[in-house]
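Asker: One structure follows; several queries about it will come next.
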Amino acid sequence: MLEKQTWKRAREKFKRTKVALIPVGSTEQHGPHLPLGTDFITAKALAEEAAARTEATCTPVIPVGLSEHHRQFWGTLWVEAEHFRGYLRGIARSLSFHGISRIIYVNGHGGNQAAVLEVCCELRREGIYALAWQWGMFVKNLSEKILHQPEVGPQHAAERETSIMLKIAEELVDKEAFDEAGRLAAPIAFEYGTRVSFDLIDVSEGATTGDPRLATREAGEQFYNAAVEGLIGLVRWLESQTEEALQPKGHKP
Ligand SMILES: [Zn+2]
């Protein structure tokens, strides 16, 4: 992990590594039962484990993202989208200055994803190949198999997220609040194929989109392992690509 290395150790690492992982999350309400840091705690854990098992380096986590739609709940923090995108770009450019131009943003918060993708597109035009990897999307098929409740629409503090938190930081999960979270849960509202609720409080006073009472540590372990394996696979894929394959193509003659 970069923050634990001296610059001399970092130099050795940077000289032999091709890929950097940047964990990205949010500090936002996660129902009455999960900590505000759920999204960045998860992203950090997955990125650090994948880095430990590959040659990739892992930067410090970005703990605040785009969460204004949770602002009615105490403790939620957010930054403007332009500042968030600038921060993502800045970290990628500094890694590139040190010679690492293959980057994976390990994203733990769905609300960040569009902005992360936008930055990846911009960076590629300047020769930095960055990918936006969101663990929740990656385990979608596994979710369909092992969850008790089908995931309807974007998920927040529901069974999947609660399960992975039971695996990563069980001591931060308040199981006594599961009942309250489950009773007040409601899915994000859609009409005719479009989202008709904006702030989470529009649909759910309890601030969750599904019932966390069904979460288990065992399911969390399955999600965690699948996500780490997937991320390791992506690191290896990125390492194996030729420079030519990753650079943007020139204009057609
Ligand atoms: Zn979350």
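Final position of the sequence shown in our numbering is 248; the numbers increase by one with none missing. All C-beta atoms in this analysis are idealised placements derived from N, C-alpha and C, irrespective of residue type, glycine included.
(1) Between 70, 99 and 108, which has its C-alpha nearest residue 18's C-alpha?
(2) If you follow the beta strand (DSSP E) that residue 16 is in, where does it begin and where does it stop?
(3) Could you tell me the alpha carbon to alpha carbon distance between residue 29 and residue 62, rounded to whole angstroms?
(4) DSSP state of residue 186, grouped into three classes?
(5) Which ranges does the alpha helix (DSSP H) cover as unbroken runs of at least 4 residues, wholly within the segment 76 to 134, from first to last along the chain?
(6) How is the alpha helix (DSSP H) around residue 9 delimited, first residue to last?
(7) Residue range of the alpha helix (DSSP H) that residue 232 falls in?
(8) Note down the Cα distance separating residue 86 from residue 96, rounded to an integer number of angstroms.
(9) Would you be able to state if there are at least three C-beta pairs under 8 Å between the segment 226 to 235 and the segment 205 to 213?
Answerer: This is what the structure holds:
(1) 99
(2) 14 to 19
(3) Just so you know, the alpha carbons of residue 29 and residue 62 end up roughly 16 Å apart.
(4) strand
(5) 76 to 92, 108 to 120 and 130 to 133
(6) 2 to 11
(7) 212 to 235
(8) 11 Å
(9) Taking a cut-off of 8 Å on C-beta distances, the segment 205 to 213 does not touch the segment 226 to 235, as fewer than three cross pairs fall below it.
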